[in-house]
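For reference, the structure is listed below as C-alpha cells.
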Amino acid sequence: MKLMLICPTWEDVHRRKMRARAFRFPPVNLTLLAAMTPEEWEVSIVDENVDDIDFEADVDLVGITTMTATAPRAYAIADRFRARGVRVVMGGMHVSAMPQEALQHADAVVVGEAEGCWHRVLEDFKRGEMKGIYRSEKFPDLAGLPIPRRDLLRKKANLTTDTIQTARGCPFGCSFCAVSYFFGREYRMRPVKEVIAEIEAMGSKFVGFLDDNIAGDRRYAKELFQALASEGIMWAGQASTTIAKDKELLKLAQKSGCKGLFVGFESISEDSLGEVGKRFNRVEEYREVIKRFHDHGIVVEGAFIFGFDHDDLGVFERTLEFAKKSGLDLAQFGILTPLPGTPLRARLEREGRIISNDWTMYNIGHAVFRPKNMTPEQLEEGTQWAWLQFYSSPSILARLFRLAGRTPSFLLPLLLINAGYHRMVYDAYGRKGWDRWDRRSASG
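Take 3 as the starting number for the sequence shown in our numbering and just add one per residue.
If you want it as C-alpha cells, here you go:
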C-alpha cells in the first residue's frame with residue numbers, strides 16, 4: 003500500500019516570498035508519522051513549498067497536515083484526490099480547532115497529536131472502516147518515539163533538515179497562541195538519551211531545535227545542555243526571556259553549543275503583555291536579557307507583534323527604535339492574529355471585531371480584525387514599514403558594525419542572514435510599502 007504525506011504551501015504570494023529557502027524548515031511532523039507507519043506501507047512526503055504534487059500518483063491514502071493559513075490550499079488538495087476516489091485524512095492545528103470544517107474535505111480528521119492514534123487510522127483504513135474523527139485518549143508519551151524519516155526529504159531544499167523536537171506543551175496559555183490548546187498546558191519531555199541518539203544519527207554539526215521553548219523546564223534543559231556539551235555541535239532554538247535570569251542555565255547553553263535564540267518579546271508595552279497573558283515578559287528587563295545572551299556568545303532574534311488594544315500609530319516607530327538600539331541581531335514583526343481555538347479569537351468574536359474568515363489571510367501578515375486605535379490598513383502598512391526599516395541597508399550595516407566589535411566570528415553568517423531578510427522583505431513589500439506608510443503617518 004502507498005501513503006503520500008503532504009504539507010501544503012501558502013496561497014498568499016507575499017508570505018511565500020517571506021518564506022525563502024534560506025529560512026525554511028521541513029515538516030518534521032510528517033517525517034515522524036512516516037517513521038511510525040508500518041513497513042508494509044510505501045511512504046512518500048511532499049512538501050509543496052519545495053516540490054509539486056503529483057495528483058495522478060498511484061497512492062492508496064493521502065495524509066495532509068495544515069495550519070490555518072494553508073487550510074484552503076489543503077482543502078483544495080484533498081478535494082482533488084478525493085475526486086479520484088483516493089481516501090484522505092487530515093490533521094494539524096487548524097483541523098484540531100475546526101474538525102467539522104475539515105471533514106467537508108476529508109474522509110477522516112485527527113484532532114490533536116496524531117502519534118496516539120495513527121496506527122488506529124491505518125488499521126481502520128485497511129479494513130475499510132475509517133471513522134470521521136480520531137483523537138488520542140491522552141497526550142502522547144514522547145518516550146520511545148522512532149527517529150523521523152529524514153531520508154524522505156529533499157535536503158538542499160531547506161535551510162537544514164537536521165531539526166529536532168525535545169518537548170511539547172506550554173503552561174503559560176498566552177491568549178493569542180495555539181500551542182497550549184494543541185499540545186496541552188504541561189511540558190512533556192523526551193528522554194535526553196533519546197534526543198542525543200537522534201542527534202548522533204543525524205551526523206550533523208548544526209541542529210535546529212523546534213521546541214516552542216527550549217528551556218521551558220529548566221531542570222530538563224540543564225540535563226539536555228550538559229549532554230549536548232560533549233557532542234561538539236552548534237545549535238539554535240527558541241526560548242522565552244526567562245532563560246536569561248538563570249546564570250547556570252545560560253552558561254550551560256553556551257557550553258552546549260548554543261549560537262542563536264529566537265525570543266518572543268512580543269511588545270514593548272507592559273499593558274499589551276498583560277492583555278494577552280504574557281506578564282512574565284518584563285519590558286524593563288529586555289535590554290539586560292539581550293546583553294546576557296550576547297555575553298554568552300548567543301545571537302538574538304527578537305519577535306514583535308502589532309495590533310494589541312493598547313497599540314496606537316506610534317507603536318511602530320517605538321518598537322523599531324527599541325529593536326535597533328537594544329542590540330538585537332535580527333528581528334521579526336507580525337500582526338496579532340486570532341487563530342481558531344485561541345482565547346483571543348473567542349474574545350474578538352464576542353466583541354464583533356473579526357472582519358475576515360479568509361484563512362489564507364491568517365498568516366501574521368494581514369489584519370483580519372478591527373484594531374482599537376488604528377485602521378486595519380494602517381496596521382498592515384505599519385508592520386510592513388517596520389520590516390523595511392529594520393532590514394534597510396543602513397540598518398543592516400549598523401548592526402554588522404556593532405557585531406564586528408562584539409563577536410567577529412559571527413559577522414559572515416549574520417551578514418548572509420540579514421541579506422536574506424533584506425531580499426525577502428523587499429521582494430514581498432517593496433518600496434511602495436515604505437512610501438505608503440510614510441504618507442499615511444505624515445497625514446495623521
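The C-beta atom is built at its ideal place from N, Cα and C for all residues, glycine as well. Bear in mind that the values here come from a model prediction, so they are computed numbers and not experimental data.
Identify whether residue i lies in helix, strand or coil by the three-state DSSP scheme.
| i | result |
| --- | --- |
| F127 | helix |
| A169 | strand |
| K207 | coil |
| I245 | helix |
| S328 | coil |
| R75 | helix |
| E42 | coil |
| Q386 | helix |
| Q156 | Strictly speaking, residue 156 in this sequence is Arg, with Gln absent from that position. In the structure shown, R156 sits in coil (DSSP, three-state: anything other than H, G, I, E or B). |
| I366 | coil |
| Y222 | helix |
| K133 | coil |
| F371 | strand |
| M100 | coil |
| M95 | helix |
| V30 | helix |
What separation, rounded to the nearest whole angstrom, lies between the Cα atoms of residue i and residue j?
| i | j | result |
| --- | --- | --- |
| M100 | E200 | 33 Å |
| D311 | E272 | 12 Å |
| L230 | S258 | 5 Å |
| M20 | R408 | Because M20 sits at a pLDDT of 47, beneath the cut-off of 50, its placement in the model cannot be relied upon, and the following sentence gives the value as read from the coordinates. Their backbone Cα atoms lie some 29 Å apart in a straight line. |
| I235 | V123 | 38 Å |
| Q228 | F371 | 45 Å |
| I55 | L275 | 42 Å |
| T385 | I357 | 18 Å |
| L390 | P373 | 22 Å |
| E290 | T362 | 38 Å |
| I270 | A37 | 43 Å |
| A80 | A108 | 6 Å |
| F178 | T344 | 6 Å |
Count the other CB atoms, across all protein chains shown, that sit within 10 Å of the CB of residue i; report buried if there are 16 or more and exposed otherwise.
| i | result |
| --- | --- |
| H121 | exposed |
| N365 | buried |
| K261 | buried |
| S411 | exposed |
| G171 | buried |
| L418 | exposed |
Does the Cβ of residue i lie closer than 7 Å to at least one heavy atom of the ligand PLP?
| i | result |
| --- | --- |
| L322 | Although the ligand PLP was asked about, the structure shown includes no ligands whatsoever. |
Where do the ends of the beta strand (DSSP E) carrying residue i lie?
| i | result |
| --- | --- |
| W237 | 236–241 |
| G266 | 260–268 |
| G65 | 63–67 |
| F185 | Note, F185: premise wrong, no beta strand (DSSP E); alpha helix (DSSP H) at 181–185. |
| F308 | 301–308 |
| L7 | 4–9 |
| A110 | 110–113 |
Looking at the unbroken alpha helix (DSSP H) that takes in residue i, where does it start and where does it end?
| i | result |
| --- | --- |
| L338 | First-last for L338: undefined, no H or E at that position. |
| I292 | 288–297 |
| V427 | 413–430 |
| D273 | 272–277 |
Got a sec: is the Cβ-Cβ distance from residue i to anything in chain C below 8 Å?
| i | result |
| --- | --- |
| T339 | In the structure shown, chain C does not exist; there is a single protein chain. |
Please check the pair residue i and residue j, which I expect to be a contact at CB under 8 Å, by giving their CB distance rounded to whole angstroms.
| i | j | result |
| --- | --- | --- |
| L89 | L63 | Before going further, note that residue 89 is Arg rather than Leu in the sequence given. That belief holds up - the Cβ atoms of R89 and L63 are roughly 5 Å apart, short of 8 Å. |
| F308 | L338 | 7 Å |
| M191 | L144 | 7 Å |
| T33 | L155 | 7 Å |
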